[in-house]
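The block underneath contains the structure these notes are about, expressed in structure tokens.
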Amino acid sequence: MGTSQHATNLVSSGGTVDRAMARDRRLAARIDDTAVIDPSGERVALFPENVPIARVLHKIAHGLFVLDYRRNPGREAFRVIGMFPYSIEEQRPAAIFVSTFDARFRAKRWKSVQAGAFEYIFVRHPASGARMLCVMDFHQDVWGVVESPSPLAGQPPAFVGQPTLL
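Each residue of the sequence shown is one higher than the last, beginning at 1 in this note's numbering.
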């Protein structure tokens, strides 16, 4: 389940996931079918269902973009980069992780919908300054990263200089 203490608490006896599995046997069977136990029996790997997760990340990022920038570029302008869990073995891409910090390596300000449950930030794409990334932090357990257009894309350039009359 990863090495996140929050995720471990959810799965432990009496946690949210444990209670959900007790109420719905189909969910328990679905999780049991996808779980892979290593030969030593000490670790269990659960593999997420990537297609439904990508759809949800895509919709959330699009909604946050519209909410923050009051523009609707269309959902086709967004591309899911991935979902990266917190763990001892860092899996979050270094370039994306570093882009959430400023030049003095202080964390940029995240927008908090509910502290510790859902926070997000729009940052410049490290490989392309013309695009943005929506980085979403879910329960301090997993990051969802979606590429989005620049909020200024498609707008006429800002007026520079004095107008001239012909």
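Glycine included, C-beta positions come from ideal geometry on N, C-alpha and C.
- Here S148 is buried, its C-beta having at least 16 other C-beta atoms within 10 Å.
- Within the same chain, P149 come within 6 Å of P73 by CB-CB distance, once the 5 residues on both sides are set aside.
- Rounded to the nearest angstrom, the gap between the Cα atoms of E42 and P85 is 20 Å.
- Residue burial is scored here from C-beta neighbours: L46 has fewer than 16 other C-beta atoms within 10 angstroms and is therefore classed as exposed.
- Setting aside the 5 residues that flank it on each side, G63 has no residue in the same chain whose C-beta is closer than 6 Å to its C-beta.
- Here DSSP, grouped into helix, strand and coil, assigns D24 to coil.
- Rounded to the nearest whole angstrom, the CA to CA distance from W143 to I37 is 25 Å.
- In the three-state DSSP reduction, L64 falls in the helix class (H, G or I).
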